[in-house]
Amino acid sequence: MPQAVVLGEALGAFLTEGVSVLVSSSDAGNRPALGRALGCRLSADGRTVTVYVAAAPCADLLTAIGETGRIAVAVSKPSTHRSVQIKGQDARLVHCAANAGDVIARKIDAFTADVVNIGFTEALVRTLMDHDPADVVAVAFTPTGVFDQTPGPNAGTVITP
Amino acid sequence: MTSPPSSNGLTVDSIRDCLEGVIPAAIATSDADGTPNVSFLSQVHYVDSGRVALTYQFFNKTRANILANPTATVQLVDPATAAQYRLTLRYLHTETSGPLFESMKAKLAGIASHVGMQGVYRLLGADLYEVQRIEVVPGATLPPPVHKRGLLPAVRRSCEGMLACADLSELLDRALADLRAGFGIEHALVLMLDECAGRLYTVAAMGYSVSGVGSEVALGDGVIGVAARERTPIRVTHMTTDYAYSRAVRASVADAGVELAPVTEIPFPGLPEPHSQLAVPILAGPKLVGVLFVESPQEMRFCYDDEDALATLAAQLGAMILAFRQQAAPPEEAAEDGSVPADGAAAVIRHYAADDSVFIDHDYLIKGVAGAIFWKLARDYVRQGRTDFSNRELRLAPDIRLPDLAENLEARLILLQRRLAERCPFLGIEKTGRGRFRLVVQRPLALEDMA
């Protein structure tokens, strides 16, 4: 079992910037599942990452997480290409925090500003991130590995968080 | 390739707009132990209705995973509507050269330069995948854009128009005029292949301040040269210096390995900063005969559907070119003498035998086969007073030497005729019937043969 890693504040701040967040898992048959997250946060102690996803568009992903607990989350800032991937093995559905809606709204605003800045329309980005608040679920996990994923020769190297 | 067994009937054809690299796609894989990996993708490339290809740029975790466990999940976004699709893929194999590799490489170069990743994104291989399932991801969408132009009606009109053309010259002009009228394309070239020299030369142009007729591109240079070499459409959707022609001209002269004075180069007419380029090979039967090239200062101007439309036009062009070549040569008839007496000061026609380059009053006109043809016409005119000629006698002329001449003669004559029209007001070539033409001379000619 890989050791848990504690993520620093800088990385925690990056997760809440105008970033694009992808979530993947693999099911009991080792088939990869994939979905887009609405938002992401790091706990104050740096030991738990929570991602928010809409359940309907991510049904296969949530099934896979339920079966295996495996998770990989890619976080990327479109305007700079800075990207990291965080992996864990104990992903599970958790209760949505009361302020989840605010976290998601702030993240979508920041993400929209970042991609509008590089030429996309606000209508397109808002449509892409559109969701039913009642459909939002929270998935939490303990990070066991963090990797640089910025395009280039260093992509894939382990980051000391 | 059969369509994937998606119960919703979707094939890769249905979602091609998602494959232009506008919004990065996502890919999830998992290793043999089941550990998932998720990554952004700069390009998912359309191969056919049941296959896509991904770029292999670095040996990263995604690549290691698909070699160990060939199933991948990819999520795509339609850049106009924000509709999302999830694809289940199975890795087949990797190609490191050939048409698919080259078309992905060109497109990636455009995407890389657009997102500031020039020199970072580089293609090591094209990873081919079978698409096993396409699923619509539930979510909000924007209304699809209304297309101002219908490509299919424009293709039909253009193909019908081409069928009515009587000769190659009319065909080329018609094709370019239709690109403007039917497709709104403002800048286009037709280049023909010189098989012996391994080069393409421009025979028809539209939308440039100088026509560039006679300018040359080596096989493998830029989008035109790569499209010709690989016999596949090459499309770049953003400005990139990787396929620029300023470089191509210099390189091709160096490759030729002969000392050519720079003055015998006709500048390539292309746009200084094309943001979209598309080159489509023209095939006559199994043989490459040329390239249809279009470009635009606007990025993302040509998409997959434009590529299909122009490939269809190129197929029609190729079929017409083949038909013209196969037409039986008409019987020789004596043409009535329509020559105009030449007067004024003699124009000096200088010919260099080494490369058949021709200069008129010290100005470069043409070289190669077209130069050899012109030199024969000029000599026959000066020595025998002849002005009327037939294509057949040029094919048989011992001093115009090229094995593929029979096939390329018509295009060479068009090239010569257009260069004369642009460069030399007192000399011209006029068609006098099928397979016959007249040299029109309005000043006396003085010949200088530089052996």
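Here the protein sequences come in this chain order: A and B.
Per my numbering, residue 1 is the first one in the first sequence, and the count goes up by one each step.
Per my numbering, residue 162 is the first one in the second sequence, and the count goes up by one each step.
The beta carbon of each residue, even a glycine, is placed where N, CA and C say it ideally should be.
Residue i: contacting residues in chain B (beta-carbon distance under 7 Å)
i	result
aspartate 130 of chain A	Gly300 and Ala301
asparagine 30 of chain A	Ser191, Gly195 and Asn230
alanine 123 of chain A	Leu303
alanine 72 of chain A	Pro197, Asn198 and Val199
glutamine 149 of chain A	Ser200
Beta-carbon proximity list for residue i, same chain, < 6 Å, skipping 5 on both sides
i	result
glutamine 477 of chain B	Cys320 and Met323
serine 457 of chain B	Ser437
serine 83 of chain A	Ser76, Gln149 and Thr150
alanine 531 of chain B	Arg573, Leu576 and Leu577
aspartate 522 of chain B	Ala508 and Val509
leucine 180 of chain B	Val205 and Tyr207
valine 455 of chain B	Ile346, Ala349 and Leu439
alanine 140 of chain A	Thr48, Thr50 and Val94
serine 330 of chain B	Ile575
Neighbouring residues, chain B, relative to residue i (Cβ below 8 Å)
i	result
threonine 112 of chain A	Neighbours of threonine 112 of chain A on chain B: none; closest Cβ ~12 Å, over 8 Å.
glutamine 205 of chain A	Within the shown structure, residues of chain A are numbered from 1 to 161, placing residue 205 of chain A beyond reach of any answer.
threonine 68 of chain A	Gly195
Residue i - containing alpha helix (DSSP H), residue span
i	result
glycine 66 of chain A	59 to 68
cysteine 320 of chain B	312 to 324
histidine 275 of chain B	260 to 275
glutamate 554 of chain B	552 to 557
valine 116 of chain A	100 to 117
N- and C-terminal bounds of the beta strand (DSSP E) containing residue i
i	result
aspartate 209 of chain B	205 to 209
valine 49 of chain A	49 to 54
tyrosine 282 of chain B	Neither: tyrosine 282 of chain B is in no beta strand (DSSP E) and is coded neither H nor E.
glutamine 218 of chain B	No beta strand (DSSP E) contains glutamine 218 of chain B, which DSSP labels as neither H nor E.
aspartate 610 of chain B	606 to 611
Rounded C-alpha distance that separates residue i from residue j
i	j	result
asparagine 569 of chain B	leucine 332 of chain B	15 Å
threonine 43 of chain A	threonine 50 of chain A	Note that residue 43 of chain A is serine in the sequence shown, not threonine. In a straight line, the C-alpha of serine 43 of chain A is about 8 Å away from that of threonine 50 of chain A.
alanine 533 of chain B	aspartate 560 of chain B	7 Å
arginine 283 of chain B	phenylalanine 262 of chain B	12 Å
alanine 515 of chain B	alanine 612 of chain B	7 Å
aspartate 192 of chain B	lysine 222 of chain B	9 Å
alanine 91 of chain A	proline 32 of chain A	15 Å
proline 430 of chain B	arginine 317 of chain B	29 Å
valine 601 of chain B	arginine 486 of chain B	25 Å
alanine 214 of chain B	threonine 257 of chain B	12 Å
phenylalanine 147 of chain A	leucine 471 of chain B	44 Å
glycine 589 of chain B	glutamate 571 of chain B	16 Å
alanine 582 of chain B	valine 298 of chain B	59 Å
proline 442 of chain B	phenylalanine 535 of chain B	28 Å
leucine 237 of chain B	alanine 187 of chain B	7 Å
Neighbouring residues, chain A, relative to residue i (Cβ below 7 Å)
i	result
lysine 222 of chain B	Gly156
arginine 247 of chain B	Leu34
alanine 233 of chain B	Pro32
glutamine 459 of chain B	Near glutamine 459 of chain B there are no residues of chain A at all, since even the closest Cβ is about 14 Å away, more than 7 Å.
Cβ shell of residue i (< 7 Å), same chain only, five flanking positions each side left out
i	result
glycine 381 of chain B	Val387 and Arg390
glutamate 17 of chain A	Lys77 and Ala110
arginine 547 of chain B	Asp541
alanine 539 of chain B	Ile510, Leu606 and Leu608
leucine 253 of chain B	Leu289, Tyr290 and Glu291
histidine 131 of chain A	Leu38 and Ala54
Cutoff 8 Å; reference residue i; Cβ partners in own chain excluding five residues on either side
i	result
threonine 255 of chain B	Tyr217, Gly286, Ala287, Asp288 and Leu289
alanine 4 of chain A	Arg47, Thr142, Pro143 and Thr144
arginine 310 of chain B	Gly343, Phe344 and Gly345
histidine 95 of chain A	Ala138
alanine 241 of chain B	Asp178, Leu303, Pro305 and Pro306
threonine 425 of chain B	Asp516, Ser518, Tyr525 and Lys528
valine 281 of chain B	Ala273
lysine 268 of chain B	Gly182, Gln204, His206, Arg396, Val397 and Thr398
Burial state of residue i (16 or more Cβ within 10 Å)
i	result
proline 197 of chain B	buried
histidine 399 of chain B	buried
aspartate 174 of chain B	exposed
tyrosine 513 of chain B	buried
glutamine 459 of chain B	exposed
histidine 275 of chain B	buried
proline 433 of chain B	exposed
alanine 10 of chain A	exposed
alanine 118 of chain A	The identity of residue 118 of chain A in the sequence shown is isoleucine, whereas the question assumes alanine. Looking at its Cβ environment, which holds fewer than 16 other Cβ atoms inside 10 Å, isoleucine 118 of chain A is exposed.
threonine 190 of chain B	buried
glutamate 420 of chain B	In this predicted model, glutamate 420 of chain B has a pLDDT of only 47, less than 50, meaning its place in the structure is not dependable; the value taken from the coordinates is given anyway. Exposed, since its Cβ has fewer than 16 Cβ neighbours within 10 Å.
Within chain B, partners of residue i - CB distance below 9 Å
i	result
leucine 62 of chain A	Going along chain B, no residue has its Cβ under 9 Å from leucine 62 of chain A, so there is no contact; the nearest lies around 13 Å.
proline 153 of chain A	Phe219 and Val281
Contact set between residue i and chain A, taken where Cβ atoms lie within less than 8 Å
i	result
alanine 186 of chain B	Neighbours of alanine 186 of chain B on chain A: none; closest Cβ ~10 Å, over 8 Å.
valine 238 of chain B	Leu128
methionine 278 of chain B	His81 and Pro151
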